[in-house]
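Position 218 of the first sequence, counting from 1, maps to 222 under this note's numbering, and the rest follow consecutively.
Glycine included, C-beta positions come from ideal geometry on N, C-alpha and C.
Some notes on the structure that comes next.
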Amino acid sequence: MLDQKALRQDPESIAERLAYRGHDFDAGHYGALESQRRELQSRTESLQHERNERSRAIGQAKKAGEDIQPLLDEVASLGEALKAAEADLDAVQSSLREIHLGLPNLPHESVPPGDDESANIQIRRWGEPPEFDFRPRDHVELGEALGNGLDFAAGAKLSGSRFVVMRDGVARLHRALAQFMLDVHTVEHGYRETAVPYLVGEEALIGTGQLPKFAQDLFAIENFEPRLHLIPTAEVPLTNLAAGEIIDAEHLPLGYVSHTPCFRSEAGSYGRDTRGMIRQHQFDKVELVQLTRPDDSYAALERLTGHAEQILRRLGLSYRVVTLCGGDMGFAAAKTYDIEVWLPGQDAYREISSCSNTEAFQARRMQARWRNPDTGRPEPLHTLNGSALAVGRCLVAVLENYQQADGRVVIPEVLRPYMAGAEWLAP
RNA sequence: GGAGAGGUGGCAGAGUGGUCGAAUGCGGCGGACUUGAAAUCCGUUGAGUCCUCACGGGCUCCGGGGGUUCGAAUCCCUCCCUCUCCGCCA
C-alpha cells in the first residue's frame with residue numbers, strides 16, 4: 005500500500021512513478037473518488053456528532069426525571085439520514101480500498117528503466133562457469149542416472165506435472181543444502197531460526213501483497229473456514245509476524261530465517277521450464293526476512309543480498325547479481341536484486357534468489373510499525389525479504405556444476421559434514 | 001467430536017444500557033526529595049482516522065462481523081480464538 009497522504013496530495017506524480025514500472029494509474033478518477041470521500045466522511049461524522057450530543061442530552065434529561073418524549077421525537081429522522089450517509093461512505097471507502105490494495109509499490113530512484121528482464125542491469129559477477137571436456141548433462145539426466153535420485157515420472161504419478169520425487173544421495177543432498185543454509189544464516193549472519201505454518205489466512209496474504217490481486221498464483225484450501233492458502237514463500241508468514249505490532253526502536257533490525265516448502269500454481273507459465281525441477285508446484289526454500297528502520301533499509305538490502313551470495317560462494321558456484329528494471333519487479337518491491345547461478349545444463353545464468361526491499365509497502369498493509377524515538381509515534385517500518393536460497397534450484401546447480409565425465413557428482417566441501425563425509429554421489 | 005468457562009488499554013483486573021476511551025494496581029515516562037540509589041510523593045502515559053497552515057476540534061475502536069436502541073464494553077445473533085474436562089490422535 006502506498007502512503008495515502010502522498011496519494012491524495014499529488015496523485016499525478018504518483019501516477020508518473022507507477023508508469024515507470026508499467027502500471028497505469030488514473031489519477032483523475034482517484035482524485036474524484038477522494039473528494040467524494042472527503043465530503044461523505046465529513047457529512048457522516050457531523051451526523052454522528054449530532055447523534056452523540058442528542059443521546060447525551062436524553063440521558064441527562066432522563067436522569068433529571070424530565071419528560072424525554074419531545075427529545076426522542078426530535079431525533080426520529082436522524083437515524084435514517086445517518087444510516088444512508090454511512091452506507092454511501094462505506095461504498096466509496098471500499099472502492100478506495102480496492103484501489104489502494106491494487107496499486108504496486110513505487111520503484112526506488114536507483115531502479116533502472118525498462119519493460120522486461122532484458123533491461124535488467126548486471127552489477128557484479130562472481131566465479132567462472134566450469135569448463136568441461138565432455139558434453140555436460142543437465143540435472144534431469146544426471147538425477148536419473150543417480151539411481152532415479154530425481155524421478156519426475158514418480159512425481160507425476162502421484163501429483164501430476166511439476167512434481168518430483170527425490171531419493172537416496174540426491175534427497176540427502178537436498179536436505180544437506182537446506183541445513184547448510186540455515187546454519188550459516190543463524191550462526192554467522194544472526195538470523196533467528198523460525199518454523200512457521202505452511203497454511204496461512206487471507207489477511208496474511210493481503211499483508212504481503214499476494215492478495216487480492218494474485219489469487220490465481222496460489223493454492224487454496226477448499227473445505228475449511230476461514231479460507232486458507234498454501235504459502236507461496238515463507239516471506240508471507242515471516243513478514244506477517246510483525247502485523248499489528250509496534251516494535252521498539254532498539255530491537256531493530258530483526259532478522260528471521262525459515263526453511264519451508266513453497267507452493268505455486270504457476271498459472272500462466274504453462275510452456276515455461278517444463279523440463280526438470282526449475283519450475284515446480286512445490287519447492288523448498290530458505291527465506292530471509294528483515295524488519296528495519298526506514299533509514300536503514302537500503303543498507304539492509306545490500307547486507308541481505310550479500311548473505312544470499314555467501315551461500316553460493318561457499319558452494320563454489322558462479323553467479324551474477326542483477327538489478328531488476330522497473331517493469332520486471334514484483335508487486336511489493338521498491339527495489340530488487342536477483343541472483344542468478346550458472347547452470348551448465350542450460351548454458352545460462354538462472355535465477356536462484358530474489359532479494360527485495362519493499363520499504364513501507366507491506367508494513368502499511370499489515371500495520372507493522374516501530375516507535376520512532378524522534379517523533380515518539382508509531383510509524384511504518386521497512387520490510388525486506390530474500391531467498392537464500394531456493395533449495396531445489398540450488399540442488400540443480402550443484403548437480404550440474406559438479407558433474408564428472410563418469411556421471412559422478414562431487415559434493416562441495418562445505419556440504420560433506422551434512423553428507424556423512426561422502427565426497428561424491430555415484431551412479 | 002462432546003460439555004463448560006472466558007476474550008476489556010504494555011500487563012493484571014473492575015465495569016447497574018446513558019459524559020466510559022473506560023476505575024484500580026503494576027509497568028513506562030517526566031518531576032520533587034536524595035551525595036547516589038531504593039522507598040515515598042506529584043504529574044503523565046492507547047491506536048486509527050478526518051478537518052485545519054496552525055491552535056484546536058470531530059469521528060471510530062473494549063476478539064471479528066451483524067442486529068436491537070435516541071444511546072451498547074454492557075442486550076441479541078453469528079463467527080474466530082484461548083482455557084478446563086471427556087473422547088480421539090502424530
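Query: Reduced DSSP category for Arg25 - H, G, I as helix; E, B as strand; rest coil; Result: coil
Query: Three-state secondary structure assigned by DSSP to Asn361; Result: strand
Query: Reference His178; option with closest CA among Ile415, His189 and Tyr260; Result: Ile415
Query: CB of Pro241 within 8 Å of CB of Ala208, strictly; Result: yes
Query: For Gly147: DSSP bridge partner residues; Result: Bridge partners of Gly147: none, in fact.
Query: Stretch-stretch touch, CB-based, cutoff 8 Å, three pairs: the segment 417–425 with the segment 156–170; Result: no
Query: Alpha-carbon to alpha-carbon, Arg354 and Val325; Result: 11 Å
Query: Where the alpha helix (DSSP H) through Lys66 begins and ends; Result: Ala31 to Lys67
Query: Beta-carbon spacing of Leu292, His311 below 8 Å; Result: yes
Query: Proximity of Pro236 and Gln407 at Cβ, strictly below 8 Å; Result: no
Query: First and last residue of the uninterrupted beta strand (DSSP E) at Ser391; Result: His386 to Ala394
Query: Residue interval of the beta strand (DSSP E) (run including Ser262); Result: Leu258 to Phe267
Query: Cβ-based burial, Arg166 [other Cβ within 10 Å; buried from 16]; Result: buried
Query: Those residues which DSSP pairs with Ala224 across a bridge; Result: His233
Query: Cβ-based neighbour list, Met5, same chain, cut-off 6 Å, excluding 5 preceding and 5 following; Result: His104, Arg368 and Arg369
Query: Three-state secondary structure assigned by DSSP to Lys339; Result: strand
Query: Inter-stretch contact at 8 Å, needing at least 3 Cβ pairs: the segment 384–391 / the segment 304–319; Result: yes
Query: Alpha helix (DSSP H) runs wholly inside the segment 178–225, at least 4 long, in chain order; Result: 206–212
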